[in-house]
Amino acid sequence: MKNYPAIGIRPIVDSRRMGIRDALEGKVAKMAESAGKLIEENVFYADGTPMKVVIFPGSIAGGEEAARCAAYFEERNVVATLSVTPSWCYPLETIDLNPVTIKAIWGFNGTERPGAVYLASALAAHNQMKRPCYSIYGRDVQDMEDDEIPGDVQEKILRFARCAAVVGQLKNKSYVGIGAVSMGIMGSFLDPLFYIQYLGMRPEWVDMTEILRRMDQGIYDEEEFQRALAWVKEKCKEGHDPNSDSRAHTRQQKDAEWEFVVKMTMIVKDIMQGNEKLAEKGFAEEALGKNALFAGFQGQRMWTDYKPNADFTEAILNSTFDWNGKRAPFVFATENDNLNGLAMVFGNLLTGKASGFSDVRCYWSPDAVERVTGWRPEGDAKDGFIHLINSGSTCLDATGKSLDANGNPVMKPWWEMTDRDIDACLQATDWCPAELCQFRGGGYSSHFKTDARMPLTMVRVNLVEGVGPVLQIAEGYSIVLPDEVHRKLDERTDPTWPTTWFVPRTTGTGAFQDVYSVMANWGANHGAFIHGHIGADLITLASMLRIPVAMHNVEEAKIFRPHAWGSFGTRDAEAADFAACREYGPLYR
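Just so you know, we're using our numbering here: the sequence shown kicks off at 249 and counts up by one.
Right, dumping it as structure tokens:
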């Protein structure tokens, strides 16, 4: 049975009896129940399970009940607390003093027994004690008998809960780096202190030869392998071979490479999360897995000069389905870029959707596009666009072939994927034999284009000496180019890889002055992208983890950070975020 991280709800009331506390008990219980129901119906873990809500049975009016609540929550894996109150109470006697839990207070905006007054006083206590707390306060005054949660309050409760669920799911999990640093890419370097102190995660290393050992010694499920291989032969059509006839691999070699990459995919899954079938074969240690939330693979060049590349493995693991049907993505970073993998995990845990992994390859200006293709960009593309592409590792969900209830192209939470969606994504993808100058060991790269206009959020985590971790966010849209324009631009890079054309939403200032400025300010060669505009959630999540946001284009009204951040300055919110994160430091230090 999984021990899910829970959110605990703390009903707080005025301690005075003889008509005050008695009159408030029903109201505060209703607030707690309504908030819990809202969370359970709208927030989900990565496996699709609704978030666990633990409501303290009773109410808190003083230190004794606060201590009872803390003990109750400690037994139930509560990682975040939402205190709710309709009235004045005694702040220092009732607030959550746990130094690790993530905290929020919803103070009811009413006039009879003003919860907003308690909220303000409690926030002052939190700030003075260096315990960050999120403030939830409705814009409009409500009557005491009004039990509806206003829309603006709902938005903040859900944002807090979604992000707290992510923090809880990161804790005590592992990142498994298979191999070492790829081609000198600094994002491939695994910094253990960052994972331990900021995320509460365990970094682990596995040599790439472990995959070969398991293949050679039969440490995989043979029955699943035969079933997976049959699925691949039926569903994964081969694409264009870019190699000359004299260089191309024979049919026999290609068939052997298909078998190899299918086995590799299964083995990586087993390394990450274990497989009880291995224990039945006498491999009890391998059956346990590494408790990995996500992983990465070095590949280039030592592996890819010798063996088939991991493009198929990466693409299938990152997708919301495989030969077993729909399932949660196994986030797997190309070139062992764990920092980009972490950005993918943030998106996946917030949404339940697959995350894309791409090179942020180049900015195409309108003039350059016209020079090369004869077509002047228009519509969404009129100010240029960014080419997102990588060697076949992007999730197949990024084809844009899944449809919502209204027939709109989307990328779905994995539990909403249908057989039609899965077949459509597979039909839109072919698998091109690897270009053997780059990948001497062969393999197969997924090849498709994102064939839909969809809202996307680009994300990247960077480590900067003197600052620490920082997060970059760019909301925008995928765009569809005319077929001939797409072909001419795509073939200039690699026509066997998946492409997404991306236009960030520009603001006319700073890093979002224009599309070129977004490209110029991006912090690394890789970026993750997630369906939907989730920048506001990412900003809240980053504040929980004490990671400042160095670049974003989210509307100011949507930004939700701990109340104390305002005490570091309100005129320049970005500078205040950096100052607060620096002062509070890593969550688990």
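Positions of the beta carbon are idealized from the N, C-alpha and C atoms, including for glycine.
Nothing here was measured: the structure is a model prediction, and the numbers come from that model.
By the neighbour-count criterion, in which a residue is buried when 16 or more other Cβ atoms sit within 10 angstroms of its Cβ, G547 is buried.
By a beta-carbon distance limit of 8 Å, D344 contacts R258. Their separation comes to about 7 Å.
Taking the CA atoms as reference points, K511 sits about 23 Å from N586. For M463, there is no enclosing beta strand (DSSP E); the residue is part of the alpha helix (DSSP H) that begins and ends at T457 to D464. In this structure, the beta-carbon distance from D762 to T754 falls below 8 Å.
According to the DSSP assignment, M799 belongs to the beta strand (DSSP E) that extends over V797 to M799. In the structure shown, C317 falls within a helical segment according to DSSP collapsed to helix, strand and coil. Counting the other Cβ atoms within 10 Å of the Cβ of D645 gives 16 or more, which makes it buried. Buried is the label assigned to E683, since at least 16 other Cβ atoms lie within 10 Å of its Cβ.
In the structure shown, the three-state DSSP call for D667 is helix.
For N710, the enclosing beta strand (DSSP E) covers residues P703 to V712.
Boundaries of the alpha helix (DSSP H) around I515: R499 to Q521. Looking only at F408, M665 and N290, the smallest Cα-Cα distance to Y382 is reached by F408. For G311, same chain residues with a beta-carbon under 7 Å away, outside a window of 5 residues either side, are E341 in chain order. Counting only runs that start and end inside the region 338–399, the alpha helix (DSSP H) elements of at least 4 residues fall at 339–342 and 363–376. Unbroken beta strand (DSSP E) stretches of 3 residues or longer found wholly inside the region 601–640: 603–612 and 633–637, given in chain order. G355 and T333 do touch by the CB rule: their CB atoms are close to 6 Å apart, below 8 Å. Beta-bridge partners assigned by DSSP to Y692: P681.
Here the alpha carbon of R269 sits roughly 5 Å from the alpha carbon of D262.
For the pair V424 and L590, the CB atoms are not nearer than the 8 Å cut-off. Less than 8 Å separates the beta-carbon of T747 from that of H635.
By the neighbour-count definition (other C-beta atoms within 10 Å, threshold 16), K517 is a buried residue. For V326, there is no enclosing alpha helix (DSSP H); the enclosing beta strand (DSSP E) covers residues V326 to T333. Assigned with DSSP and collapsed to three states, S815 falls in helix. If you check the CB distance, A294 and G595 do not come in under 8 Å. Following the DSSP letters along the chain, one finds H774 inside the beta strand (DSSP E) bounded by residues H774 to H779.
Sequence-distant Cβ neighbours of Y320 in its own chain, meaning closer than 7 Å and more than five residues away, are F304. Excluding sequence positions up to five before and after A629, its CB lies within less than 6 Å of the CB of I727, all in the same chain and listed in chain order. Straight-line spacing of the CA atoms in K529 and G537 works out to 15 Å. Taking 8 Å as the cut-off, the beta carbon of A581 is found no closer than this to the beta carbon of F633. Residue nearest to A478 within the set I467, D559, R735 and W506 is W506 (criterion: CA-CA distance). For the pair D503 and G690, the Cα-to-Cα distance works out to about 11 Å. Using a 10 angstroms sphere on the CB of S492, the tally of other CB atoms stays under 16, which defines it as exposed. Taking C-alpha positions only, P362 is separated from A318 by approximately 25 Å. Selection H800, I426, I515 and F826 evaluated against G724 yields H800 as nearest (Cα-Cα). Selection D667, Y385, E732 and A722 evaluated against W623 yields E732 as nearest (Cα-Cα).
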